[in-house]
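What follows is a single structure, written as structure tokens, with notes after it.
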């Protein structure tokens with residue numbers, strides 16, 4: 001089975017941690033000190049400088065062994081060019097972006113890849129990380145890898161995409177609408193991560209590219225009079241429907257792409273509603289994000305789309321009637337490097353006449 | 001009966017958007033394909049039918065189980081029927097990659113039947129045949145075993161079991177029309193067997209020795225009653241998932257109306273349980289608008305206090 005295989009691969013590739021840990025830590029320190037002499041990144045981040053993330057001060061000292069949890073976190077590490085230090089990754093919602101696929105080879109070398117869930121805490125510590133980047137809630141809890149305070153005590157730095165900042169360290173998010181879920185917050189995270197990972201120039205360039213892509217889409221959409229009413233939903237196998245609502249970057253993307261979120265009064269991701277509510281909201285376009293697995297492309301949403309087309313109860317919903325139900329990917333509507341391209345792609349779905 | 005009819009009507013009319021009685025009637029007399037008519041025909045009527053069938057099945061199965069085991073706290077889950085259905089569903093999702101309910105309703109039924117049969121034969125083996133205590137013990141043991149296996153499989157691969165997690169709460173919205181028809185046949189067969197076992201249940205209520213001295217064929221009678229309970233509980237779990245508390249509490253309500261005679265307790269249970277289930281479903285639609293609460297959550301939240309009240313009440317001791 002997949003998780004067992006991954007576990008074995010990691011075990012055989014690594015000597016027992018206890019005996020090597022101190023030595024490796026010492027070696028890492030030496031290497032870091034050496035690289036600090038010549039690296040402009042390290043000069044930009046003098047000792048003691050920190051970045052504030054979810055109310056926690058994160059030292060802006062480039063880490064040597066990074067673990068990334070969730071798809072958007074993994075791709076962020078690659079996009080900033082810090083993947084040579086990525087030692088662990090869990091887990092992909094869709095295939096990794098083609099420009100990173102050549103370097104993401106978990107069957108041959110680091111990072112160790114956990115395809116279905118966050119690794120256990122023991123497994124995680126075996127990787128001997130000094131930094132964890134999380135793209136979604138759950139990682140920094142006692143059930144996950146530990147609270148951020150606990151990780152700090154172990155000398156492990158952490159960063160959580162700020163849209164998912166919890167109400168307190170180790171807690172869940174009880175007031176979803178309170179966080180900034182705009183594209184600006186994504187750009188801010190990228191900039192912060194650039195400083196922490198010692199890749200500020202890469203971060204600046206990435207944000208500039210994303211802004212340009214969004215601006216180009218906005219330009220094409222200039223002066224659209226009619227903004228289609230958009231629902232982003234999934235249907236996990238039984239009658240009811242899960243909604244991607246407000247308080248989520250998905251809504252910011254829909255709006256930047258020239259649409260109106262029909263579920264703007266429902267907060268958060270995957271909120272359960274009845275089919276009747278979808279009929280009542282009468283969306284003109286329905287987007288179905290495909291998930292989850294390194295081999296699940298947009299076609300993973302086809303089954304849900306086919307069910308919607310065949311379901312007599314929703315035959316009058318404008319999006320179904322006019323055949324405007326589209327597959328997208330879960331990865332592109334999670335805060336991260338794909339968001340700008342998602343705006344461009346969804347803008348084409350909402351306003352094909354403009355492109 | 002009148003209350004039941006009223007509840008069914010309310011279940012068709014009340015929801016996200018209240019639908020006028022005229023529109024409901026027009027759905028069949030003058031179909032025009034409007035949203036209101038589609039909601040009635042494809043959403044509200046099916047879920048009301050599921051509520052009726054699953055409710056009646058749960059009520060009857062609960063009453064049968066309490067009579068068979070002479071245990072006032074017995075429910076359909078005592079025969080390990082729910083645990084068997086859950087394991088079969090999980091195995092179907094893991095092994096065959098099924099993700100729609102249409103596919104796994106049959107696995108739920110199969111798992112329920114196998115688990116029920118296994119419990120009966122475990123209890124029947126050895127000295128004295130299937131006594132109430134042995135039935136309850138075998139059921140509890142098998143439930144623990146099956147639940148452990150289910151947990152093991154779901155923990156191996158958390159992300160693919162989203163479907164299972166939703167199913168395991170219990171909802172009236174999952175079943176498709178075609179499966180409702182088939183399940184109706186099973187419920188009818190189970191109900192017929194249940195009616196056929198009233199004499200056994202009444203005899204058992206007097207104690208096994210008394211029943212035997214009155215000339216009853218205890219073993220055969222129990223077999224019929226267990227078969228009925230498995231058919232009914234299996235249908236309910238296949239239609240709506242493992243819904244808690246209805247099968248446990250409704251027979252006690254039925255005793256309040258029908259006394260101690262199972263010729264009355266069974267029909268009362270069959271009528272009261274759908275009322276409770278549909279009322280809980282209607283509440284679930286209204287309480288959290290625009291979201292919906294699954295009926296299993298509502299019955300658990302409302303059922304728990306009722307259950308505690310029952311345990312504290314004196315009427316229970318008379319079983």
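Chains as they are written, first to last, in the UniProt record's numbering: chain A, 1 to 355; chain B, 1 to 319. All C-beta atoms, glycine included, are put in the ideal place defined by N, C-alpha and C. These figures come from a predicted structure and were not determined experimentally.
Legend entry - Contacting residues, own chain, Cβ-Cβ under 7 Å from residue 351(A) (five flanking each side not counted): 221, 224 and 258
Legend entry - Between the CA atoms of residue 333(A) and residue 194(A) - distance to the nearest angstrom: 21 Å
Inset, instruction - Assess, as a yes-or-no matter, whether the segment 257-277 of chain A is touched by the segment 293-310 of chain A under the definition of 3 or more beta carbon pairs within less than 8 Å. - result: no
Inset, instruction - Go ahead and label residue 65(B) buried or exposed: buried means 16 or more other beta carbons lie within 10 angstroms of its beta carbon, across all protein chains shown. - result: That one is buried.
Inset, instruction - State the DSSP-derived secondary structure class of residue 177(B), mapped to helix, strand or coil. - result: It is helical.
Inset, instruction - Compute the Euclidean distance between the alpha carbons of residue 117(B) and residue 231(B), then round it to the nearest angstrom. - result: 11 Å
Legend entry - Secondary structure of residue 221(B), DSSP reduced to three states: Correct three-state label for residue 221(B): helix.
Inset, instruction - Just the C-alpha distance for residue 110(B) and residue 187(B), rounded to the nearest angstrom, thanks. - result: 15 Å
Legend entry - Any chain B beta carbon closer than 8 Å to residue 172(A): no
Legend entry - From 323(A), 326(A), 294(A) and 328(A), residue whose alpha carbon lies closest to that of residue 93(A): 294(A)
Legend entry - Nearest neighbour of residue 291(B), chosen from 342(A), 273(A), 288(A) and 213(A) [CA to CA]: 273(A)
Inset, instruction - Since I believe residue 288(A) is in contact with residue 328(A) (beta carbons under 8 Å), could you give me their beta-carbon distance rounded to a whole number of angstroms? - result: 7 Å
Legend entry - Cross-chain neighbours of residue 42(B) in chain A, by beta carbon under 8 Å: 311, 312 and 313
Inset, instruction - With 8 Å as the threshold, decide whether the Cβ of residue 338(A) is near any Cβ in chain B. - result: no
Inset, instruction - Find out if the Cβ-Cβ distance for the pair residue 339(A), residue 38(B) is shorter than 8 Å. - result: The Cβ atoms of residue 339(A) and residue 38(B) lie no closer than 8 Å to each other.
Legend entry - Per-residue DSSP class, three states only, for residue 234(A): strand
Inset, instruction - For chain B, find out if any of its Cβ atoms is closer than 8 Å to the Cβ of residue 279(A); answer yes or no. - result: yes
Inset, instruction - Would you mind sorting residue 66(A) into buried or exposed? The rule is 16 or more other CB atoms within 10 Å of its CB. - result: Buried, since its Cβ has 16 or more Cβ neighbours within 10 Å.
Inset, instruction - Would you please verify whether the beta carbon of residue 208(B) is less than 8 Å from any beta carbon of chain A? - result: no
Inset, instruction - Can you say whether residue 285(B) is buried or exposed, counting buried as having 16 or more other CB atoms within 10 angstroms of its CB? - result: buried
Legend entry - 7 Å CB neighbourhood of residue 266(B) in its chain, flanking five on each side removed: Closer than 7 Å at the Cβ level, and outside the excluded window around residue 266(B), lie 60, 63, 194, 195 and 198.
Inset, instruction - Output yes if chain B places a C-beta closer than 8 Å to the C-beta of residue 357(A); else output no. - result: Residue 357(A) is absent from the structure shown; chain A starts at 1 and stops at 355.
Inset, instruction - Give the C-beta separation of residue 245(B) and residue 152(B) to the nearest angstrom, bearing in mind that I take them to be a contact with Cβ-Cβ under 8 Å. - result: The Cβ separation is near 26 Å, so there is no contact.
Inset, instruction - Pick helix, strand or coil for residue 124(A), following the three-state DSSP scheme. - result: helix
Inset, instruction - Assign residue 248(A) to buried or exposed, taking buried as 16 or more other Cβ atoms, counted over all protein chains shown, within 10 Å of its Cβ. - result: Under this definition residue 248(A) is a buried residue.
Legend entry - beta strand (DSSP E) segment containing residue 157(A), residue limits: Run containing residue 157(A): 157-160, per the beta strand (DSSP E) assignment.
Inset, instruction - Give me the Cβ distance between residue 114(A) and residue 137(A), rounded to the nearest whole Å; I'm assuming they're in contact under 8 Å. - result: Contact flag wrong, Cβ pair sits at about 17 Å.
Inset, instruction - Answer with yes or no whether the minimum CB distance from residue 285(B) to chain A is below 8 Å. - result: yes
Inset, instruction - Could you work out which residues of chain B lie near residue 276(A), taking near to mean beta carbons separated by less than 7 Å? - result: 15, 16, 17, 39 and 43
Legend entry - Partners in chain A for residue 131(B), counting only beta-carbon separations shorter than 7 Å: Within 7 Å Cβ-Cβ: nothing; residue 131(B) doesn't reach chain A, min ~39 Å.
Inset, instruction - Look at the alpha carbon of residue 261(A) and the alpha carbon of residue 161(A), and state the distance between them as a whole number of angstroms. - result: 23 Å
Legend entry - Environment of residue 75(A) [buried if 16+ CB atoms lie within 10 Å]: buried
Legend entry - Cβ neighbours of residue 307(B) in the same chain (closer than 8 Å, five flanking residues each side left out): 245, 248 and 249
Inset, instruction - For the beta strand (DSSP E) holding residue 131(A), just list the boundary residues, first then last. - result: 131-134
Legend entry - DSSP state of residue 69(A) mapped onto helix, strand, coil: strand
Legend entry - Cα-Cα separation between residue 42(A) and residue 62(A), rounded to whole angstroms: The predicted position of residue 42(A) is uncertain, since its pLDDT is 42 and thus under 50; no value can be drawn from it.
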